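Position 86, counted from 1, in the sequence shown is what the numbering used here calls 519; the numbers after and before it change by one each time, with no gaps.
Glycine included, every Cβ here is placed at the ideal spot set by N, Cα and C.
These figures come from a predicted structure and were not determined experimentally.
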Amino acid sequence: MKILVIGSKGQLGHELLIQGNNSGYEILPADLPDLDITDKTQVKHRLEKSQPSLVVNAAAYTNVDKAETEQNLAFAVNRDGPANLAEICALFKVPLIHISTDFVFDGKKNLLI
Numbered sequence: 434m435k436i437l438v439i440g441s442k443g444q445l446g447h448e449l450l451i452q453g454n455n456s457g458y459e460i461l462p463a464d465l466p467d468l469d470i471t472d473k474t475q476v477k478h479r480l481e482k483s484q485p486s487l488v489v490n491a492a493a494y495t496n497v498d499k500a501e502t503e504q505n506l507a508f509a510v511n512r513d514g515p516a517n518l519a520e521i522c523a524l525f526k527v528p529l530i531h532i533s534t535d536f537v538f539d540g541k542k543n544l545l546i
């Protein structure tokens, strides 16, 4: 089984690589700059090239405080990126596991800029 781990340079993704490599599965790491999940074309090409049996998304915009001022980037990575992955995984009939967070950002905090 080939497992594509997206966000492999992050804390969770790195641990998934370690655990996956110890399990006997073929683990395919993916992270910036080689794969930008906000770019649907890149996602499609990566899945075409690697033909994984499973995709695990551990990629995320994780700077909670900066998300207040970098809303577009936070939404692109945490909303649009997973949507791209879901669409392309569905196209190729590849299961997707998306790992998220308990922090929810609604963009309504008053900022003193």
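Can you give me the C-alpha to C-alpha distance between residue i and residue j, rounded to a whole angstrom?
{"i": "L450", "j": "E501", "result": "31 Å"}
{"i": "S486", "j": "Y458", "result": "10 Å"}
{"i": "A493", "j": "M434", "result": "25 Å"}
{"i": "R512", "j": "T474", "result": "16 Å"}
{"i": "K482", "j": "V497", "result": "33 Å"}
{"i": "P528", "j": "N454", "result": "19 Å"}
{"i": "Q504", "j": "I521", "result": "24 Å"}
{"i": "E448", "j": "T471", "result": "23 Å"}
{"i": "H478", "j": "L506", "result": "22 Å"}
{"i": "L524", "j": "L437", "result": "16 Å"}
{"i": "Q381", "j": "D469", "result": "This structure cannot settle anything about residue 381, because the visible part of the chain is limited to 434 through 546."}
Of the choices the options, whose alpha-carbon is the least far from that of residue i?
{"i": "I439", "options": "S456, G453, L461", "result": "L461"}
{"i": "I532", "options": "I470, D467, V489, K473", "result": "V489"}
{"i": "L445", "options": "A491, Q484, K499", "result": "A491"}
{"i": "L480", "options": "L506, L518, H447, A509", "result": "L518"}
{"i": "P515", "options": "S441, L524, I530, D535", "result": "I530"}
Evaluate residue i with the Cβ neighbour count: other Cβ atoms within 10 Å of its Cβ, from every protein chain shown; 16 or more gives buried, anything less gives exposed.
{"i": "P466", "result": "exposed"}
{"i": "A463", "result": "buried"}
If you follow the alpha helix (DSSP H) that residue i is in, where does it begin and where does it stop?
{"i": "E520", "result": "514-525"}
{"i": "V497", "result": "497-500"}
Could you tell me the boundaries of the beta strand (DSSP E) in which residue i lies?
{"i": "I460", "result": "459-463"}
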